[in-house]
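The numbering of the sequence shown is numbering that gives the first Met the number 0, which starts it at 0 and goes up by one.
Everything below concerns the one structure shown next.
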Amino acid sequence: MSVLLLLTPMLAQAQDDAEYFPEGTRINLSASAEMVLPNDEVIVSFRVEKQGKDADAVRSYVNKVSGAIEQRLKQEADVKLKTLSRNMQPVWKYVKNSPRVRVGWQMTQSGQISTTNLKAVPKWLDAIESAGAHLSNLNFRVSDAISKQAMESLRRQAIANFRSKAAGMAKGLDAESFRIIRLNTSGQAPQPRIYRAEMAMMAKASADNAQPALSAGENKITVTVSGEIEVPFIDYPAK
C-alpha cells in the first residue's frame with residue numbers, strides 16, 4: 000500500500016511533464032468540407048385574425064376559418080400543420096380625461112405549415128389565403144433528414160482533409176509520421192431563407208387570380224475540423 004502511495008505522485012508528475020514537454024513539435028491546423036444542397040422543405044407561417052364588438056362572433060369567425068384551413072390541408076400529402084398561438088384581447092377606446100372604454104374584441108390564431116412536397120405549395124397557398132389566412136413568412140430550407148445525412152458525410156470528408164493537410168505539414172518538416180493530439184469538429188447548418196419578395200408575389204397573384212410562382216433556391220452546409228498534431232523532433236542543420 001505504501002508503494003502505491005509513493006508512485007501515485009510520481010505518475011501524476013510524469014503526466015504533467017508530458018503536457019509541458021511534448022515528444023515532438025505540435026502544430027495547430029484546421030480543414031473543412033462544404034456542400035451546396037437544394038432546399039427541399041418550405042415553412043409557411045400564417046395567422047387568422049378578427050376584430051368585432053361581439054366576442055362570440057369574433058371567436059366563431061376564427062374557428063371557422065382555422066377549421067377550413069385544416070380541412071383543406073388534410074387533402075394534401077406530406078403536409079404538417081401546427082398551431083403556434085391563440086389569444087383574445089379587448090379593444091379599448093381612449094378618451095382624454097375619461098376612463099377607457101372597451102369597444103370590442105380582437106382574436107388572433109397563428110399557425111405553421113411545413114412540407115417537402117414543394118410542387119403542391121402554390122395550389123394550397125392560394126386556397127388557404129382565399130379561406131382567410133394572412134401569410135406572415137415563407138422559409139425555404141434543407142430538411143433535417145437531408146441536413147443530418149449531409150453533415151455526417153461532410154464530417155468524414157473534413158477529417159480526411161485534416162489528415163491530408165497534417166501529412167503535408169509533416170512532410171514539409173521532413174517527418175515520417177504525425178500524431179493527432181486533439182480533434183474538434185463543428186458544423187454550420189443551413190439557415191432558412193426568408194422570401195419576403197415571395198409574399199408580395201403571392202398577394203399580387205391572389206389579386207390577379209393566378210397561383211404564385213415560388214423558387215426554393217439552395218443552401219450551403221459546411222463542416223470544419225480543427226485540432227493539434229505532433230510530429231517527431233528533428234534536428235535541422237544550421238546553415
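Ideal Cβ placement from N, Cα and C applies to all residues, glycine included.
Bear in mind the structure is a predicted one, so any value in this text is a computation, not a measurement.
Just how far apart, CA to CA, sit Leu153 and Val35?
So the alpha carbons of these two residues sit roughly 11 Å apart.
Spatial neighbours of Phe232 within its chain, please: C-beta separation below 7 Å, excluding the five flanking residues on both sides. These residues qualify, in order along the chain: Gly23, Thr24.
Self-check item: Where Arg99 sits in the DSSP three-state scheme
Solution: Coil, per DSSP.
Specify the secondary structure class of Ala199 as computed by DSSP and reduced to three states.
Note that Ala199 has pLDDT 45, beneath the 50 cutoff, so the model's placement of it is unreliable and the number below is only indicative. In the structure shown, Ala199 sits in a helix (DSSP, three-state: H, G or I).
| said: Quick check on Arg155: buried or exposed, where buried means 16 or more other Cβ atoms within 10 Å of its Cβ? | reply: Result: exposed.
Can you list, in chain order, the residues of its chain with a C-beta nearer than 7 Å to that of Asp173? Leave out the 5 residues immediately preceding and following it. Result list for Asp173: Ile233, in chain order.
**Asked** Can Leu28 and Lys170 be called in contact, C-beta distance under 7 Å?
**Response** Not in contact: Leu28 and Lys170 (Cβ atoms no closer than 7 Å).
| Is it a yes or a no for the region 111-124 touching the region 55-63, going by three-plus beta-carbon pairs under 8 Å? | When Cβ pairs closer than 8 Å are counted between the two stretches, the region 111-124 is seen not to touch the region 55-63, the count staying below three.
*Best match in Val41, Asn218, Ser214 for proximity to Leu137 [C-alpha to C-alpha]*: The residue with the shortest Cα to Cα distance from Leu137 is Val41.
Beta carbon of Asp55 nearer than 7 Å to that of Thr115: Thr115 is positioned such that its CB atom lies no closer than 7 Å to that of Asp55.
Close beta carbons around Asp77, own chain, < 7 Å, minus the five adjacent residues each side = The residues are Thr114, Thr115, Asn116.
Please report the Cβ distance between Ser135 and Ser44, rounded to the nearest whole angstrom; I am assuming they are in contact, meaning their Cβ atoms lie under 8 Å.
-> Contact between Ser135 and Ser44 holds: their C-beta atoms lie close to 4 Å from each other, under 8 Å.
Next on the checklist: I need the straight-line Cα distance from Gly226 to Ser31, nearest angstrom please.
Outcome noted: Near 12 Å, if we compare the C-alpha coordinates of Ser31 and Gly226.
Exercise. Mind pulling the alpha helix (DSSP H) runs of 4 or more residues that sit fully within the region 92-137?
Worked result: You should have 120-130.
On a Cα-Cα basis, can you pick out the residue from Pro37, Glu33, Phe161 that is closest to Arg140?
Closest option to Arg140, Cα to Cα, is Pro37.
ask   = Using a Cβ-Cβ cut-off of 6 Å (strictly less than) and excluding sequence neighbours within five positions of Lys95, which residues of its own chain qualify?
value = Taken in chain order, the list of residues that qualify is empty.
Point to revise | Proximal residues to Asn160 (C-beta, below 8 Å), its chain only, five neighbours per side dropped | key: Excluding positions up to five away in sequence, the list reads Ala30, Ser31, Ala32, Val224.
- Task: Going by DSSP, name the residue or residues bridged to Pro231.
- Result: Here Pro231 is bridged, per DSSP, to Gly23.
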